[in-house]
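For the sequence shown, the numbering used here begins at 350 and goes up steadily by one.
Before any comments, here is the structure.
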Amino acid sequence: KGLNTDSGNFASPAAFDGISQFADVRDEDSLFPVLVECRVHKSPAEIDLLRYTNWISSMAHVEVMRSTKPGMMEYQLESLFQHHTYTHGGCRHMSYTCICACGPSANILHYGHAGRPNSRLLTSSDMALLDMGSEYHCYASDITCSYPVSGTFTEDQRAVYESVLAAQVSVINELKPGVSWMDMHREAERQILKGLIKCGVLTVGDGCGEDDADKLIKEMLDVDLGAIFMPHGMGHLIGIDTHDVGGYAMGTPERSDRPGLRKLRTARDVEEGMMLTVEPGCYFIDPLLDMALSNDKQKKFIDTERLKDFRGFGGVRLEDDLRITADGCENLTLCPRAAEEVLDVMKGGAWPPEKDVMPELKRAWADCKKGKMKMLDMKS
Numbered sequence: 350k351g352l353n354t355d356s357g358n359f360a361s362p363a364a365f366d367g368i369s370q371f372a373d374v375r376d377e378d379s380l381f382p383v384l385v386e387c388r389v390h391k392s393p394a395e396i397d398l399l400r401y402t403n404w405i406s407s408m409a410h411v412e413v414m415r416s417t418k419p420g421m422m423e424y425q426l427e428s429l430f431q432h433h434t435y436t437h438g439g440c441r442h443m444s445y446t447c448i449c450a451c452g453p454s455a456n457i458l459h460y461g462h463a464g465r466p467n468s469r470l471l472t473s474s475d476m477a478l479l480d481m482g483s484e485y486h487c488y489a490s491d492i493t494c495s496y497p498v499s500g501t502f503t504e505d506q507r508a509v510y511e512s513v514l515a516a517q518v519s520v521i522n523e524l525k526p527g528v529s530w531m532d533m534h535r536e537a538e539r540q541i542l543k544g545l546i547k548c549g550v551l552t553v554g555d556g557c558g559e560d561d562a563d564k565l566i567k568e569m570l571d572v573d574l575g576a577i578f579m580p581h582g583m584g585h586l587i588g589i590d591t592h593d594v595g596g597y598a599m600g601t602p603e604r605s606d607r608p609g610l611r612k613l614r615t616a617r618d619v620e621e622g623m624m625l626t627v628e629p630g631c632y633f634i635d636p637l638l639d640m641a642l643s644n645d646k647q648k649k650f651i652d653t654e655r656l657k658d659f660r661g662f663g664g665v666r667l668e669d670d671l672r673i674t675a676d677g678c679e680n681l682t683l684c685p686r687a688a689e690e691v692l693d694v695m696k697g698g699a700w701p702p703e704k705d706v707m708p709e710l711k712r713a714w715a716d717c718k719k720g721k722m723k724m725l726d727m728k729s
């Protein structure tokens, strides 16, 4: 038996009639932690499966991106994704309930559930936040794309998108064995706060230099302002479960009690062989914004007039699945990420592209022909 640190439930030990006669040799505690660590560190065969399910899910996201238009329903985007992964990839199941959150729907982090079943009409002013991943032979993918439904970014949409992309790039370039996952979360918050300063939602005062801005961002983090705009954890272990086991295994760092950090599904140091999602996000959630405006320590950093422009905006999230290597990481997710990539695909452009315009994302380009995965030598 053992504790699932995500749900708080215990795995039930084996039971059968007559088991009591083995009480003197019965051990319910030794196997669980061993299996947990086996699942934390992926074998080459597991990586092959994860590479495949990431490939088919990435290609499905691209097809949905091409098809998205004002006037569609969110559930139509979900249906297109499921059709592509099953028809072209043999993926009968999803890794989790699809989240097709457009416009203000993205304020609900796990949108798409029975109470909010991807049932909103898309409008031309919406940002789409689509969190969808297929499952193949029990192995999960977990991928999120965000883009303007109209096919063109407004200035504010672009500003928020670039902030989240900067957070993703920064974390990916720091990921390697030995780094703290909690530090990666803080780095994502730091980049998002920096972007919100740039677009005027947060203020650091006139004549503030770069060193002063860095100091003020640290103060913002100290008062948990980052958790107002990114209230979830920056990522999690992934494998046989979307949120795989081992996040708070015995002998690993305990869960933080700080806002934002306490939402992390692991606080471990990164190790070679792990598979982790990197999913920074920036959201404008009215109850959290109101809470910040009632907190003097947080309110002093917020431009209340500029903030009004983002009420009802929803949010942006970008999520890729990363394999930790001996000296860094490999990105198995192959979705458009640079703004020009997104807009080009929405106009019908080819994908994968001829050139990798963001090698810093460390995308491990691959294709699948007749059931065989082939790595691609992409120009940069």
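Where is the CB? At the ideal position from N, CA and C, for every residue including glycine.
Comparing alpha-carbon positions, the option among Glu536, Thr601 and Asp563 lying closest to Gly582 turns out to be Glu536.
Scanning its chain for C-beta atoms nearer than 8 Å, with the 5 sequence neighbours on each side dropped, one finds around Lys391 the residues Leu399, Gly588, Gly622, Met623, Met624 and Arg672, in chain order. Sequence-distant Cβ neighbours of Tyr445 in its own chain, meaning closer than 6 Å and more than five residues away, are Thr591.
For Glu679, there is no enclosing alpha helix (DSSP H); the enclosing beta strand (DSSP E) covers residues Cys678 to Asn680. The beta carbon of Ala687 sits closer than 8 Å to those of Leu514, Val706 and Met707, all from its chain and outside the five residues before and after it, given in chain order. Within the same chain, and ignoring the five residues on either side of Leu570 in sequence, the residues whose Cβ sits closer than 8 Å to its Cβ are Arg535, Glu538, Arg539 and Leu542. Taken in chain order, the complete beta strand (DSSP E) segments of 3 or more residues contained in the segment 628-677 are 630-632, 664-666 and 669-673. The C-beta distance from Glu377 to Pro362 rounds to 4 Å, short enough to fall under 8 Å.
By the Cβ test, the segment 627-643 is not in contact with the segment 610-619, since fewer than three Cβ pairs between them sit closer than 8 Å. Counting along the chain, Glu427 sits inside the alpha helix (DSSP H) bounded by residues Glu423 to Thr436.
In this structure, the straight-line span from the alpha carbon of Val553 to that of Ser474 is close to 29 Å. Cβ contact annotation for Lys648 (same chain, cutoff 7 Å, sequence separation greater than five): Ala641 and Leu642, in chain order. The C-alpha of Pro382 is placed about 10 Å away from the C-alpha of Gly600. Of the candidates Gly661, Lys721, Leu710 and Val572, Leu710 places its Cα closest to the Cα of Ser729. Going by C-alpha positions, Ser369 is about 52 Å away from Ala455.
Distances from the alpha-carbon of Cys449 to those of Gly595, Val665, Ser605 and Gly697 put Val665 closest. Following the DSSP letters along the chain, one finds Glu484 inside the beta strand (DSSP E) bounded by residues Ser483 to Tyr485. A distance below 8 Å between beta-carbons, with the five flanking residues on each side excluded, links Ile492 to the following residues of its chain, in chain order: Asn403, Ser406, Ser407, His410, Asp480, Met481, Gly482, Glu668, Asp669, Asp670, Thr682 and Cys684. Judged by DSSP secondary structure, Lys718 falls within the beta strand (DSSP E) whose first and last residues are Ala715 to Lys718. In the three-state reduction of the DSSP assignment, His410 falls in the helix class, which pools H, G and I. Taking a C-beta distance under 7 Å as the contact criterion, Ala360 and Gly367 do not qualify as a contact pair.
The C-beta distance from Gly596 to Leu610 rounds to 13 Å, too long to meet the 8 Å contact threshold. Between Thr417 and Ala477, the CB-CB gap stays under 7 Å.
In the three-state scheme derived from DSSP, where H, G and I count as helix and E and B as strand, Thr402 is classed as helix. In this structure, Val594 is the residue among Lys723, Ala715, Asn644 and Val594 with its C-alpha nearest to the C-alpha of Glu386.
Classified as buried, Ser490 has 16 or more neighbouring CB atoms from the shown chains inside 10 Å of its CB. Residue burial annotation: Ala516 is buried, with at least 16 other C-beta atoms found within 10 angstroms of its C-beta.
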